[in-house]
C-alpha cells in the first residue's frame with residue numbers, strides 16, 4: 001500500500017500508574033482549562049469513563065495503565 005493511502009491514527013496514550021483525569025488533562029491538554037480538558041477527555045473516552053462511572057464511590061482510581069486514552073477528538077472521515 002502506498003504511503004499516500006495510509007490513514008492518520010488518532011493520538012492516544014497509555015496512562016502512567018496513578019493517573020486520573022486531572023493528571024492526564026494537565027499533561028496532555030495544557031492549553032485548556034482543567035474543567036474543559038477533563039470534559040473533553042471523558043467525552044473522547046467513554047469506554048473508560050463509563051466503566052469508571054459505574055464504580056464511583058469505591059475509592060479506587062478507575063483509569064488503568066493498560067487503558068488506551070484518546071487525547072484528541074475522533075478524526076473526520078474525508
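In the UniProt record's numbering, the protein residues as written are 1 to 78. Glycine included, each C-beta is placed from N, C-alpha and C at the ideal position.
Is residue i buried or exposed, if buried means 16 or more other CB atoms sit within 10 Å of its CB?
| i | result |
| --- | --- |
| residue 15 | buried |
| residue 48 | buried |
| residue 37 | buried |
| residue 76 | exposed |
Pull up the distance between the alpha-carbon of residue i and that of residue j, whole angstroms please.
| i | j | result |
| --- | --- | --- |
| residue 18 | residue 40 | 20 Å |
| residue 33 | residue 42 | 14 Å |
| residue 62 | residue 50 | 10 Å |
| residue 35 | residue 24 | 12 Å |
Just tell me which of the options has its CA closest to the CA of residue i.
| i | options | result |
| --- | --- | --- |
| residue 44 | 72, 7, 8 | 72 |
Below 9 Å between beta carbons: does that hold for residue i and residue j?
| i | j | result |
| --- | --- | --- |
| residue 12 | residue 68 | yes |
| residue 10 | residue 70 | yes |
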